[in-house]
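Heads up, the thing below is written out as structure tokens.
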Amino acid sequence: MPRHRVDPARGSAPTPLLPRPYAITGGRTEIRLDIAIEALVVTNAVHGQRGSQPEHDAILVRCVEPTSVAELSALLRVPIGVARVLVADLASLGLVSVSGSAGDAPSVALMERVLSGLHSL
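Quick note: the sequence shown uses this note's numbering, first residue 15, plus one each step.
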């Protein structure tokens with residue numbers, strides 16, 4: 015039977031308790047990839063291919079369209095660190111592609127053009 019708690023903001027309607035973050039990641043906090051929170055994630059999985067956890071499956075469904083790691087964190091209602099671990103798991107299995115990671119910094123020339131454009135406003 016699922017455990018519930020009473021949320022005072024919602025009156026007496028019980029809300030289900032969420033699993034602890036360490037239970038979702040198996041206690042892992044380190045990731046093999048340097049994934050920025052603004053990195054975009056897109057599903058590579060063939061229709062019906064599944065991850066090893068329900069959260070993996072939720073990411074695969076949501077990332078048919080490019081979705082940032084920060085958005086995934088909010089949609090899954092998990093801390094950003096947990097979302098990064100889950101995305102790294104799927105990327106290591108080849109089920110998602112991650113673009114815009116911390117290593118994909120824009121060029122200095124691009125940054126200067128953006129700054130120049132902002133100054134002209």
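Where is the CB? At the ideal position from N, CA and C, for every residue including glycine. If you're wondering where the values come from, they're calculated on a predicted model, not measured in any experiment.
### Message
Using the three-state DSSP reduction, which class does Ala-37 fall into: helix, strand or coil?
### Response
In this prediction, Ala-37 has a pLDDT of 49, which is less than 50 and means its spatial position is unreliable; nothing more can be read from the coordinates.
### Message
Does Asp-103 pass the burial test, meaning 16 or more other C-beta atoms within 10 Å, or should it be called exposed?
### Response
buried
### Query
DSSP state of Ser-134, grouped into three classes?
helix
### Query
Closest by CA to Cys-77, which one among Val-110, Gly-131 and Leu-132?
Val-110
### Task
Report the three-state DSSP secondary structure of Val-92 (helix, strand or coil).
coil
### Message
Is it the case that the region 78-85 contacts the region 43-57, given that we only count it when at least three CB pairs across the two stretches are under 8 Å?
### Response
yes
### Task
Determine the direct distance from the alpha carbon of Glu-85 to that of Leu-135, and round the result to whole angstroms.
30 Å
#### Entry: Nearest to Val-89 (by Cα), restricted to the options Arg-127, Val-128 and Glu-69
Note on identity: in this sequence residue 89 is Leu, with Val being the wrong assignment. Of Arg-127, Val-128 and Glu-69, the residue nearest in Cα terms is Glu-69.
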